[in-house]
Ligand code: NAD
């Protein structure tokens, strides 16, 4: 992989790529075949301090820039991303193993659309209308930038996660230091470079390639970081929230998911079967909103299981660069073994592995898949609601299907995990769908679909899936603070309320 088009080094600080002062080498590996995509050196804690200082130095000018100026820069960024779309898709696929059709049709266009959205949103930062609420004062509300944002992102959608973190932060006038997952830093670095090319001043967007325990923890606890925005697993999110407490930082946590997929007995079976396959396998199931638990009302259950099993078995695993490939490898060998571990343990407690449950040997295109971190689409039945595969976040191409009888039972099971990020209900009955959308405790509930996201609509969790919203105008609320400004309108020296001190004197 030739990334020399934008220089050497894996730390993007103050508008340029540098080697940093770290000493720990790290290889960004293509999980399709184990080849090294890029050799990097992980950021030291001193590099974090340098990046935060750069972000702090850039803050006054950027926070004072007009919304129009910030918007214009983001519009230029959208254009640059569109010009470089093919390169972004190629690098994203190389570092994650995701199929090129997913990078090309979802990750990159989604990022460009997000950028265009925040270019518009930057000009729509509103406070409440002014008013004379006491009769003696005029009040208004200012919406202001928070300061330096420290962001930490996961490896599943590296480019989109960088965009979701950077765009609302800078649209609202903050500056940012983003630490992508060390497995997948490359498109975040390219995104930062594109920000500079778009005219966003040096230091506004900084990206550090570093380990969570060192660079990540330093960033989250840094005294000059005013807000922490984290996307990742729930256990690490809890640690991040604890570290942020000491300096009373605002935290924004987008955490794990275990989305239910509830099929009522009047649903369109073909739509539900195809929906479940696509929504559980997107990005090899490494999607926080992926369908993971299909609850199917008894009359449709057997046909649903048979339909999903048949489509799972026909999925084309292979070289991610082949446009015909449906499913690439998982992000790493370690992660593939973790996913396989869930399935092995499930076999141990009596699960029925209907299809999958192993690594494939050959791809649809004849590729030898034994070198890659591949795993077959896996359908599991016959497990208890409290079993590990139903409750735990597997984050792989594994779907569990369980039957239910009454609507009450289906909705109760859907809510019965600690997570609450996303869910879907499949029915043609308006009352059932209204009830499901009301009663399922999740940040997003789809009806007769599962996965689509929109720049205009908020994304974020309930329960242990975290709090705070990404995308949409709501995310600008996360990255701004509200100030009440109050003017006396009476021009009298002795105010009425002074009586609480002076009495009648
Ligand atoms: P992870 O929690 O292991 O790592 C996420 C990030 O945190 C990485 O950059 C990592 O280096 C960093 N990190 C690790 N330990 C840290 C520490 N002690 N202090 C500071 N930073 C630390 O998650 P992952 O395996 O990269 O990604 C998968 C997880 O992300 C899943 O749980 C998935 O559901 C979640 N996710 C959530 C959303 C959402 O919007 N809610 C979106 C995508 C992914």
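Residue numbers (our numbering): 802 to 1306. All C-beta atoms in this analysis are idealised placements derived from N, C-alpha and C, irrespective of residue type, glycine included. Just so you know, these numbers come straight off a predicted model, no measurement behind them.
Bridge partners - residue i, DSSP secondary structure assignment
{"i": "residue 826", "result": "842"}
{"i": "residue 932", "result": "940"}
{"i": "residue 1181", "result": "1154, 1201"}
{"i": "residue 1260", "result": "1271"}
{"i": "residue 1098", "result": "1205"}
{"i": "residue 1239", "result": "Residue 1239 is not bridged to any residue."}
{"i": "residue 1007", "result": "978"}
{"i": "residue 1029", "result": "951, 1052"}
{"i": "residue 1225", "result": "1062, 1247"}
{"i": "residue 971", "result": "According to DSSP, which records beta bridges pairwise, residue 971 is partnered with nothing at all."}
{"i": "residue 1109", "result": "DSSP, once it has assigned bridges, lists no residue as partnering residue 1109."}
{"i": "residue 945", "result": "1282"}
{"i": "residue 902", "result": "Per DSSP, none; premise fails for residue 902."}
{"i": "residue 1163", "result": "1169"}
{"i": "residue 837", "result": "830"}
Neighbourhood of residue i by C-beta, 7 Å cutoff - its chain only, sequence neighbours within 5 removed
{"i": "residue 1116", "result": "1082, 1127, 1128, 1178"}
{"i": "residue 805", "result": "Confidence at residue 805 is low in this model, with a pLDDT of 42, below 50, so its placement is unreliable and the value that follows should be read with caution. Closer than 7 Å at the Cβ level, and outside the excluded window around residue 805, lies no residue."}
{"i": "residue 1301", "result": "none"}
{"i": "residue 1101", "result": "1064, 1066, 1068, 1070"}
{"i": "residue 1243", "result": "1221, 1222, 1223, 1224, 1263"}
{"i": "residue 1251", "result": "1062, 1076, 1080, 1092, 1225"}
{"i": "residue 926", "result": "868, 944, 973, 1277, 1281"}
{"i": "residue 1025", "result": "853, 857, 949"}
{"i": "residue 883", "result": "913"}
{"i": "residue 1169", "result": "1163"}
Unbroken beta strand (DSSP E) run spanning residue i, endpoints
{"i": "residue 977", "result": "976 to 980"}
{"i": "residue 1309", "result": "No information on residue 1309 is available, as it lies outside the stretch 802 to 1306 that the chain covers here."}
{"i": "residue 953", "result": "949 to 953"}
{"i": "residue 1298", "result": "Unbroken run through residue 1298: none, as it is neither H nor E."}
{"i": "residue 1176", "result": "From DSSP, residue 1176 is part of no beta strand (DSSP E); its letter is neither H nor E."}
{"i": "residue 1245", "result": "1245 to 1248"}
{"i": "residue 1091", "result": "Note, residue 1091: premise wrong, no beta strand (DSSP E); not H, not E."}
{"i": "residue 818", "result": "817 to 819"}
First and last residue of the uninterrupted alpha helix (DSSP H) at residue i
{"i": "residue 1289", "result": "Where residue 1289 is concerned, there is no enclosing alpha helix (DSSP H), although the beta strand (DSSP E) it sits in stretches over 1281 to 1289."}
{"i": "residue 1065", "result": "Element bounds for residue 1065: n/a, residue is neither H nor E."}
{"i": "residue 1053", "result": "Looking at the DSSP string, residue 1053 is not in any alpha helix (DSSP H); the run it does join, the beta strand (DSSP E), is 1051 to 1055."}
{"i": "residue 918", "result": "909 to 922"}
{"i": "residue 1037", "result": "1035 to 1046"}
{"i": "residue 958", "result": "That residue, residue 958, is in no alpha helix (DSSP H); it is neither H nor E in DSSP."}
{"i": "residue 1139", "result": "1134 to 1149"}
{"i": "residue 1019", "result": "1018 to 1022"}
{"i": "residue 889", "result": "886 to 897"}
{"i": "residue 987", "result": "987 to 998"}
{"i": "residue 1186", "result": "Per DSSP, residue 1186 belongs to no alpha helix (DSSP H) and is neither H nor E."}
{"i": "residue 1071", "result": "1070 to 1082"}
Cut-off 6 Å between Cβ atoms - residues of its own chain near residue i, not counting five sequence neighbours on either side
{"i": "residue 1276", "result": "969, 1270"}
{"i": "residue 898", "result": "832, 833, 1121, 1129, 1130"}
{"i": "residue 997", "result": "816"}
{"i": "residue 894", "result": "901, 904, 1121"}
{"i": "residue 881", "result": "995, 998, 999"}
{"i": "residue 803", "result": "Unreliable placement is indicated for residue 803, whose pLDDT of 47 sits below 50; no coordinate value is reported for it."}
{"i": "residue 1255", "result": "none"}
{"i": "residue 1211", "result": "1063, 1096, 1205"}
{"i": "residue 1123", "result": "1166"}
{"i": "residue 1228", "result": "1065, 1067, 1068, 1234"}
{"i": "residue 1089", "result": "1058, 1222"}
{"i": "residue 896", "result": "829, 838, 985, 987"}
Chain-order list of residues whose beta-carbon lies under 8 Å from that of residue i (same chain, five-residue window excluded)
{"i": "residue 1002", "result": "816, 859, 862, 863"}
{"i": "residue 1143", "result": "1189, 1190, 1193, 1195, 1197, 1199"}
{"i": "residue 785", "result": "Any answer about residue 785 is impossible in this case: the structure gives the chain only from 802 up to 1306."}
{"i": "residue 930", "result": "941"}
{"i": "residue 1238", "result": "1226, 1246, 1248"}
Short CB-CB distance (under 8 Å) between residue i and chain D
{"i": "residue 1199", "result": "In summary, chain D is missing from the structure at hand, where a single protein chain is found."}
Proximity test, residue i beta-carbon vs ligand 2 heavy atom, cut-off 7 Å
{"i": "residue 980", "result": "Summarising the ligand content, the structure contains ligand 1 and does not contain ligand 2."}
*Decide yes or no for the touch test of the region 1093 to 1109 against the region 1200 to 1209: beta carbon pairs closer than 8 Å, at least 3 of them.*
The region 1093 to 1109, when compared against the region 1200 to 1209, does touch it at the 8 Å Cβ threshold.
*Specify whether the region 1218 to 1227 and the region 1056 to 1068 touch according to this definition: at least 3 beta carbon pairs, one from each stretch, less than 8 Å apart.*
Here the region 1218 to 1227 makes contact with the region 1056 to 1068; the two share three or more CB pairs at distances below 8 Å.
*Would you call the region 1259 to 1268 and the region 904 to 922 in contact, with 3 or more CB pairs under 8 Å?*
No, the region 1259 to 1268 does not touch the region 904 to 922.
*Counting Cβ pairs closer than 8 Å, one from the region 935 to 942 and one from the region 1155 to 1172, do we hit at least three?*
Contact fails: fewer than three Cβ-Cβ distances are below 8 Å.
*asked:* Whether or not the region 816 to 826 and the region 846 to 857 are in contact is what I'm after, with contact meaning three or more pairs of Cβ atoms, one per stretch, closer than 8 Å; do they touch?
replied: By the criterion of at least three beta-carbon pairs nearer than 8 Å, the region 846 to 857 is in contact with the region 816 to 826.
*Segment contact, 8 Å Cβ cut-off, at least three pairs: the region 1028 to 1039 with the region 1048 to 1058*: Flag = yes, the region 1028 to 1039 and the region 1048 to 1058 touch.
*Are at least three pairs of beta-carbons, each pair with one atom in the region 897 to 914 and one in the region 960 to 979, less than 8 Å apart?*
Output reads yes: the region 960 to 979 touches the region 897 to 914.
*Is the region 1189 to 1202 close to the region 1135 to 1149, with three or more CB pairs under 8 Å?*
As far as the Cβ criterion goes, the region 1189 to 1202 touches the region 1135 to 1149, which means the pair count is three or higher.
_Within 8 Å, do at least three Cβ pairs link the region 983 to 996 to the region 1010 to 1021?_
The region 1010 to 1021 makes contact with the region 983 to 996; the number of CB pairs closer than 8 Å reaches 3 or more.
*Would you check if the region 1141 to 1153 and the region 1172 to 1189 touch, i.e. whether three or more CB-CB distances between them fall below 8 Å?*
Enough Cβ pairs lie closer than 8 Å, so yes.
_Would you call the region 1279 to 1287 in contact with the region 947 to 954, where contact means no fewer than 3 C-beta pairs closer than 8 Å?_
With the cut-off at 8 Å, the region 1279 to 1287 and the region 947 to 954 touch.
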